[in-house]
Ligand SMILES: Cc1cc2nc3c(=O)[nH]c(=O)nc-3n(C[C@H](O)[C@H](O)[C@H](O)COP(=O)(O)OP(=O)(O)OC[C@H]3O[C@@H](n4cnc5c(N)ncnc54)[C@H](O)[C@@H]3O)c2cc1C
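Numbering (the numbering used here), first residue to last: 1 to 410.
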């Protein structure tokens, strides 16, 4: 029997959409070309994902409790991972995508979704339905499958979007090395992650060191216009990490693109786009896993209501709901990236700003719980004052490298 919904890509977004559709009793097939290699990714996920999608915590390699931000001049700000109401369950989860994605895919299959190990090669969406061509990854044979609706969950290069005739989105590149370290070296990253700022490691995003169970994942992001320099930026990051990587052995090098703009339209007649295919990575943090899962869930819920009349007009309810709920957060994080990563002096200001306890709490409220609660006016005044002082300090004076540790925070 033809499935009602065909999902292209069975990574975090596609698998979550499949799980939600199966919860509504809808026949679903996923087509995925890559089942063995991990999606290149830092694997940092907010606890909200575990709560909202009822995920087991054994998927977590490490719970990060401090994020250390290191400015171009070497200033350090250690930010405790805690929201306005601190709990024992405040953390940034570090996962390995090969394990995390595999779990979600299996869950989708257990709930009755079918998985075809194949690559989408053609797509025809007409008034009467969807017709897709795919090439089996096991024997190269070509097949056709029909469905009522297609969901493009196929990432930043999104062949689905291309076959729907949509333009490519502007993309950043992110490259990462996973480095196995002796236990004594891993101790530094027991429950900490590092964020590095500076033109020589990332002109417009950031570089990171994220701890996994037995290795560290270090990587850089580079926006459009800087992608040619990606390898050089990674070498510079390794130089900055210096002795922290002593005794390390590279176990994996990986790279992939990140969309830098959301699509203006995410739903069409008989077709929807989610996650990276819809450009739903947020600015400043480059976070996309939670958003891919959330958009997969919402798209599937809306589709469940309109499956018998899947017109663009009906399916675009997904888009409207999405921007109503998250529009402010996306806007805020876009402005923050433009403001905080614009040049090296701003990166210094950004690092200092993160020392303000109100900024810290608001940052982790929004990251961990995905809520943006407006701060009381007195808090806003305090934050503005601190930011203005940091602006003046970093622009009026000569830049002097200073090293400020956690002990000197407010
Ligand atoms: C180096 C790097 C580090 C990152 N770090 C983080 C992080 O720490 N935290 C975070 O939240 N986000 C991070 N991101 C972003 C995050 O990885 C993505 O936003 C997220 O994976 C998007 O999920 P998705 O399901 O939309 O797409 P993807 O995870 O990209 O999955 C798309 C799937 O579609 C499949 N596919 C593609 N074409 C076809 C085809 N023709 N036929 C069949 N299948 C196809 C692919 O094989 C893939 O499995 C990072 C990204 C990069 C590149």
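Just so it is clear, CB atoms sit at the ideal spot from N, CA and C, and this is done for glycine as well.
Does the Cβ-Cβ distance between residue i and residue j come in under 8 Å?
{"i": "residue 120", "j": "residue 159", "result": "yes"}
{"i": "residue 222", "j": "residue 230", "result": "yes"}
{"i": "residue 172", "j": "residue 257", "result": "yes"}
{"i": "residue 332", "j": "residue 381", "result": "no"}
{"i": "residue 240", "j": "residue 290", "result": "no"}
{"i": "residue 269", "j": "residue 65", "result": "no"}
{"i": "residue 16", "j": "residue 293", "result": "yes"}
{"i": "residue 355", "j": "residue 395", "result": "no"}
{"i": "residue 303", "j": "residue 5", "result": "yes"}
{"i": "residue 142", "j": "residue 131", "result": "no"}
{"i": "residue 245", "j": "residue 201", "result": "no"}
{"i": "residue 125", "j": "residue 271", "result": "yes"}
{"i": "residue 42", "j": "residue 155", "result": "no"}
{"i": "residue 353", "j": "residue 387", "result": "yes"}
Comparing alpha-carbon positions, which option in the options lies nearest residue i?
{"i": "residue 319", "options": "90, 251, 298, 306", "result": "298"}
{"i": "residue 212", "options": "163, 48, 177, 397", "result": "177"}
{"i": "residue 233", "options": "39, 248, 205, 301", "result": "205"}
{"i": "residue 11", "options": "266, 24, 296", "result": "296"}
{"i": "residue 137", "options": "36, 226, 98", "result": "36"}
{"i": "residue 24", "options": "300, 226, 389, 73", "result": "300"}
{"i": "residue 227", "options": "209, 314, 174", "result": "174"}
What is the DSSP secondary structure of residue i, counted as helix, strand or coil?
{"i": "residue 429", "result": "As shown, the chain starts at 1 and ends at 410. That puts residue 429 outside it, with no answer to give."}
{"i": "residue 250", "result": "strand"}
{"i": "residue 28", "result": "strand"}
{"i": "residue 264", "result": "coil"}
{"i": "residue 410", "result": "Because residue 410 sits at a pLDDT of 34, beneath the cut-off of 50, its placement in the model cannot be relied upon, and the point is left open."}
{"i": "residue 131", "result": "strand"}
{"i": "residue 163", "result": "helix"}
{"i": "residue 149", "result": "strand"}
{"i": "residue 240", "result": "helix"}
{"i": "residue 4", "result": "coil"}
{"i": "residue 79", "result": "strand"}
{"i": "residue 19", "result": "helix"}
{"i": "residue 94", "result": "strand"}
{"i": "residue 312", "result": "helix"}
Which residue comes first and which comes last in the alpha helix (DSSP H) that contains residue i?
{"i": "residue 106", "result": "97-110"}
{"i": "residue 340", "result": "317-340"}
{"i": "residue 291", "result": "289-306"}
{"i": "residue 47", "result": "47-52"}
{"i": "residue 122", "result": "Unbroken run through residue 122 is the beta strand (DSSP E), 114-126; no alpha helix (DSSP H)."}
{"i": "residue 366", "result": "357-369"}
{"i": "residue 434", "result": "Because residue 434 is not part of the residues shown, which for the chain are 1 to 410, the question remains open."}
>> Could you check whether the region 113-131 touches the region 22-36, counting it as contact only if at least three pairs of C-beta atoms, one from each stretch, sit closer than 8 Å?
In response: Under the Cβ criterion (8 Å, minimum of three pairs), the region 113-131 counts as touching the region 22-36.
> Using 8 Å as the Cβ pair cut-off and three pairs as the minimum, do the region 93-101 and the region 65-82 touch?
Replying inline: no
> Quick check: the region 175-190 against the region 145-157, are there 3 or more CB pairs under 8 Å?
Replying inline: no
> Are the region 245-256 and the region 333-342 touching by the rule of at least three beta carbon pairs closer than 8 Å?
Replying inline: No contact exists between the region 245-256 and the region 333-342.
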